[in-house]
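All remarks here apply to the structure that follows.
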Amino acid sequence: MTKARKTILDTVEDSPVPLSASEIHKKITRPMDLVTVYRSLKYLEDNGFLESFSFTCTDKRTERYYYRRREPHVHFFHCEQCHTFLDLGKCELDTQVIRLETQFGVRIATHTLYFTGICARCLNVRESADSALGAP
Ligand SMILES: [Zn+2]
Ligand SMILES: [Zn+2]
């Protein structure tokens, strides 16, 4: 593996949350152009080191986010207010997948799923703001 690929893989593996190519580029301390980052990410994903998903939010529009491939895979939550990701831990949809395979006679290979909403921290801020205003 080239030095560039290793640097990028280490950066993604060190992060507890998925990162976009530009976020990875910002975190890397050695000089590297964005094109190299994109090419390396593609290589790392094609070779099973990383996984990614395309995600749209009001803050960053549409971005592709990369994270370390794990078995069983994990799902992420995205806060619509502070735009942070949260690792929700390993997938527990096995029984749902089996049920769908039986019901529709299909063989499911993969699925892409993420959750969005308001994170616990933003909810707390909102609730204390509400109680300060005397809301029920
Ligand atoms: Zn939040
Ligand atoms: Zn899953």
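Numbering-wise (our numbering), the sequence shown opens with residue 7 and increments by one.
All residues carry an ideal CB built from backbone N, CA and C; glycine is no exception.
All values derive from a computational prediction rather than experimental measurement.
Beta-bridge partners assigned by DSSP to Tyr-73: Glu-57.
The Cβ atoms of Val-80 and Asp-93 lie closer than 8 Å to each other.
Of the candidates Leu-56, Lys-48 and Thr-122, Thr-122 places its Cα closest to the Cα of Glu-86. For Lys-96, the enclosing beta strand (DSSP E) begins and ends at 91-96.
Taking C-beta atoms as the reference points, Thr-68 and Cys-125 fail to come closer than 8 Å. Within the chosen limit of 7 Å, ligand 2 does not reach the beta carbon of Leu-92 with any heavy atom. Remark: the C-beta of Leu-15 is outside contact range of ligand 2, defined as less than 7 Å to any heavy atom. Residues of the same chain with a CB within less than 8 Å of the CB of Asp-65, apart from the 5 flanking positions on each side, are His-89 in chain order.
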